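Straight run, no breaks: the sequence shown in numbering that gives the first Met the number 0 ends on number 499. Even for Gly, the Cβ is constructed at its ideal location relative to N, Cα and C. Just so you know, these numbers come straight off a predicted model, no measurement behind them. Accompanying notes for the structure given below.
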Amino acid sequence: MRGEFIPPKLHYSRVKACMVNGLRHHEAFAESEAVKELCSTTTEKVFTRARNARLIMSNKIPPMMDDEEKPYCIWYPDVATVDTYRELAQRYPDMQYHVGRACAVGGYFDLYRELDLLPDISIAEEALHNTDDVTGAKEIYNHIVCQPVRYSVLDDYTRSVNLESPRIATGLNGDTAVISSLKRKLDYWRNWYKAPHYFNITEDHSVGEDDYGTYDSEDYLDLEHVPLLYNPLPVDLPTTQKDVLIIHAACEGNIDRYARLRRPVMILKEEFALIRGIHHSTAFARWCLSQPRDRFELSYRDVRCAINARFIMVNDLSRITPPYEHIPLMIWWPLLPQEKTLRELVRRIPDTRRQVAMTCIAADYKQLWDELTPEPDPLLWRQTKECANHNYYFEDLERRAATLGIDLRASPKEIDWIDHECARRDKEPTTTLLAPAIRTGWEGEVADFHDDDGSIYPGRYQANAAEWEVYIAVTDEVRESLWNTGYARSYDNHVVYQQD
């Protein structure tokens with residue numbers, strides 16, 4: 000990273016990121032003979048792209064033989080002169096949109112107009128982000144947003160440019176790695192586990208010798224943008240940390256908001272919010288069923304279990320067919336299926352006798368319970384303890400367990416450790432804790448795993464937006480106070496007073 004030497008083991012991802020970072024930040028290193036030889040011999044074109052980016056930002060236009068040698072980001076950590084960018088666009092016409100983006104960072108409005116580009120939303124978002132700091136950025140932004148049709152040409156997720164058939168975009172949607180996000184640094188040694196990210200336009204994963212700023216996936220939602228959680232989204236989304244909005248939309252099962260906001264890849268904890276939303280919305284479950292399987296990555300099985308759970312709860316068994324995959328455990332909350340549905344389910348899949356029995360306890364289906372005569376176990380026993388109408392089932396389990404010599408008070412079996420929490424009465428605990436802000440990421444509150452309160456849903460984590468809910472509910476004055484003073488309780492005198 001300091002540009003002092005070429006490290007060994009460049010095939011290691013962490014070492015590679017540090018090397019790319021050093022090339023982008025140190026002109027002398029990029030110009031060294033050792034680096035020139037490396038770029039001419041290695042098949043890893045990422046080093047060549049990093050070197051070329053550094054040269055361009057140092058106002059030197061290198062020869063680039065093919066597309067793999069052309070860098071995507073040519074505006075960080077430095078901005079070249081307007082003449083350099085003009086010459087680059089003339090020499091490499093396929094890099095005109097890269098130059099247009101650099102104009103938004105540098106405020107080169109005249110050059111931007113000369114390029115005569117399609118109104119690209121990533122350039123508009125970059126310009127909007129820089130309007131307060133860079134002269135000319137506001138003019139670029141206004142020039143783009145006044146156009147009747149806008150396009151998505153630059154793609155920061157894939158570091159690609161769609162010149163042939165750019166997608167028509169309805170508005171700004173927060174899909175741009177703006178310049179401020181590139182200035183945040185991630186300790187390459189202590190926090191490398193956070194490196195995988197949907198944005199990596201500099202190809203160095205924003206590594207640094209120490210953490211600097213707040214890493215992109217852990218941003219707070221600014222006070223001015225909190226109303227986006229409970230108001231219709233504007234056509235042009237302000238430059239904000241929209242991961243919070245994605246998680247919230249998924250958690251609520253809001254199809255329109257989620258379909259618009261989601262990124263091409265799942266963000267941290269998104270799958271747990273999805274599973275919660277599916278359990279609470281039949282329409283959302285049906286929509287998720289139509290999505291490509293690879294969209295859900297490694298969480299596909301848990302998502303399908305959640306979808307089937309929702310369908311069972313609304314008494315649809317049309318997808319419960321051989322080979323009977325993705326059969327959920329919790330099928331009694333937030334809705335109770337009809338007794339006839341449960342009877343048919345256990346007829347089709349006898350192995351569902353246990354979850355059907357748990358549903359009988361929750362719904363007070365005594366007749367079906369007596370038909371099942373389920374084998375007593377600690378999970379069923381806990382379900383009877385947690386339900387208000389537990390006496391009939393509790394006494395029946397106690398009697399039969401004594402006959403069979405089964406200890407109902409034993410710890411759950413290892414295989415039941417995760418599923419054990421679905422029997423608890425308060426399945427989505429509320430909170431009185433008022434956080435100073437809403438955030439996502441590694442420290443975000445929406446989907447943490449707690450030793451005492453595991454997941455009631457498929458998977459090890461449960462999305463519970465209790466802190467977000469109370470934060471949304473309080474007055475603007477309370478939020479502003481929390482932003483300045485830190486955590487509080489919703490029943491604190493000063494909080495109650497301000498809400499009155």
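Should residue i and residue j be called a contact, given that it needs their Cβ atoms to be closer than 7 Å?
i: E202; j: V19; result: yes
i: Q95; j: A88; result: yes
i: G99; j: Y84; result: no
i: V104; j: I55; result: no
i: L153; j: V144; result: no
i: R166; j: S151; result: yes
i: N314; j: T351; result: no
i: I311; j: P336; result: yes
i: L22; j: A49; result: yes
i: Y456; j: I330; result: no
i: S121; j: T175; result: yes
i: A422; j: E476; result: no
i: E420; j: N463; result: no
i: Y460; j: F295; result: no
i: G173; j: K241; result: yes
i: Y197; j: R259; result: no
i: H97; j: I73; result: yes
Per DSSP, what kind of secondary structure is residue i in: helix, strand or coil?
i: D215; result: Confidence at D215 is low in this model, with a pLDDT of 43, below 50, so the placement of that residue is unreliable and no value is reported for it.
i: V206; result: strand
i: S180; result: helix
i: A168; result: strand
i: R438; result: strand
i: D186; result: strand
i: S480; result: helix
i: N390; result: helix
i: K241; result: coil
i: V14; result: helix
i: D174; result: coil
i: P226; result: helix
i: N20; result: helix
i: H196; result: coil
i: Y107; result: coil
i: E3; result: coil
i: I455; result: coil
i: K8; result: coil
i: I246; result: helix
i: E466; result: helix
i: L114; result: helix
i: R261; result: coil
i: D235; result: coil
i: R424; result: coil
i: I471; result: helix
i: F448; result: Unreliable placement is indicated for F448, whose pLDDT of 44 sits below 50; no coordinate value is reported for it.
Who are residue i's beta bridge partners in DSSP?
i: S159; result: D154
i: L433; result: A487
- Query: Quick one: complete alpha helix (DSSP H) runs, 4+ long, within the region 120-153?
  - Reply: Runs of alpha helix (DSSP H) with 4 or more residues, each lying fully within the region 120-153, are found at 120-128, 136-144, listed in chain order.
- Item | the region 276-286 in contact with the region 247-265 per 3-pair CB rule at 8 Å | Yes, they touch.
- 4 or more residues per run - each alpha helix (DSSP H) lying fully within the region 266-324: For the region 266-324, the continuous alpha helix (DSSP H) assignments of 4+ residues that do not extend past its boundaries occur at 269-279, 281-288, 299-312, in sequence order.
- Taking only runs of the alpha helix (DSSP H) that begin and end inside the region 22-105, which ones reach a length of at least 4 residues, in chain order? Under the rule that a run must span 4 or more residues, the alpha helix (DSSP H) segments found entirely inside the region 22-105 read 26-30, 32-40, 44-56, 81-90, 95-105.
- Message: Three Cβ pairs or more, each shorter than 8 Å: is that satisfied between the region 424-443 and the region 457-470?
- Response: Touching, per the Cβ criterion.
- Message: With three or more beta-carbon pairs closer than 8 Å as the criterion, would you say the region 359-378 touches the region 386-399?
- Response: In short, these stretches touch, since the Cβ pair count reaches three.
- Item | Within the region 339-413, ranges of the alpha helix (DSSP H) (whole runs, at least 4 residues) | Segments of the alpha helix (DSSP H) lying fully in the region 339-413: 352-362, 365-371, 377-385, 390-403.
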